[in-house]
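Residue numbers (this note's numbering): 130 to 340. Read through the structure below, which is laid out as structure tokens, and then see the notes.
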């Protein structure tokens with residue numbers, strides 16, 4: 130028995146030492162949440178004055194099947210299928226207003242010649258888009274998908290114009306601005322597009338809206 134104890138003693142001592150060391154340093158070796166360190170140096174490169182009044186937003190959903198012909202006749206065409214969400218915004222650029230665009234008609238009516246409506250923004254909403262499939266990209270899938278997204282963005286612009294976003298922008302300008310201006314001034318306001326005839330009567334006079 131004493132001989133057996135002497136043989137087991139080194140093993141027991143090794144186990145005890147292992148338990149002791151694990152309790153001391155085990156917490157430092159355990160898995161932990163990764164720490165992220167971010168270093169940045171932001172530089173302001175441009176300040177731009179904005180005067181665009183956004184009046185309508187169109188949202189689109191489209192399934193785009195984009196195909197690019199292969200460079201060599203023995204290779205199949207590359208294809209990408211995307212489910213794309215996009216949006217377009219119609220606005221008026223109020224920076225284009227001139228002093229002569231605001232006139233009095235009589236004593237109580239103010240006429241404003243509005244600038245032409247614009248499609249001021251159109252883009253693919255990547256949070257609402259995804260790649261459905263790609264075929265025969267030959268290690269150029271990322272480039273193929275980028276081309277498909279550029280095509281989809283151009284299609285958002287075409288669809289917005291074809292759907293009448295500019296006319297809707299002009300209608301919304303009337304519906305939003307006239308009540309607001311009437312509430313602020315108590316007078317009557319007429320809003321006209323750039324193609325409307327300007328007031329030429331003797332009772333009309335320019336309103337100096339700019340200092």
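Quick reminder that beta carbons are idealized off the backbone N, C-alpha and C, glycines included.
> Is the CB-CB distance between residue 240 and residue 234 below 7 Å?
Replying inline: yes
> Quick one: complete beta strand (DSSP E) runs, 3+ long, within the region 217-290?
Replying inline: 231-234, 238-242, 247-264
> Can you tell me whether residue 199 is buried or exposed, with buried defined as 16 or more other CB within 10 angstroms of its CB?
Replying inline: Residue environment analysis places residue 199 among the exposed positions, since fewer than 16 neighbouring C-beta atoms fall within 10 angstroms of its C-beta.
>> When you compare the CB positions of residue 257 and residue 214, do they come within less than 7 Å of one another, or not?
In response: yes
>> One question on the structure: do residue 244 and residue 229 come within less than 7 Å of each other, judged by their Cβ atoms?
In response: no
>> For residue 293 and residue 254, what's the separation of their Cα atoms in angstroms?
In response: The alpha-carbon atoms of residue 293 and residue 254 are separated by roughly 21 Å.
> To which residues of the same chain is residue 287 closer than 7 Å at the C-beta, ignoring the five residues directly before and after it?
Replying inline: none
>> So residue 248 and residue 209 are supposed to be a Cβ contact under 8 Å. How far apart are they, rounded?
In response: Contact doesn't hold; Cβ gap of about 26 Å is too wide.
> Short check: CB of residue 182 to CB of residue 221, under 7 Å?
Replying inline: yes
> Who are the near neighbours of residue 278 in its chain, counting only those whose CB is closer than 6 Å to its CB and skipping five residues on each side?
Replying inline: 253
>> For residue 154, list the residues DSSP reports as bridge partners.
In response: DSSP lists no partner for residue 154.
> Which first and last residues belong to the beta strand (DSSP E) in which residue 177 is found?
Replying inline: Segment: none, residue 177 is in no beta strand (DSSP E) and carries neither H nor E.
> Exposed or buried, what is residue 179 when buried is set at 16 or more other beta-carbons lying within 10 Å of its beta-carbon?
Replying inline: exposed
>> Could you tell me the alpha carbon to alpha carbon distance between residue 195 and residue 284, rounded to whole angstroms?
In response: 12 Å
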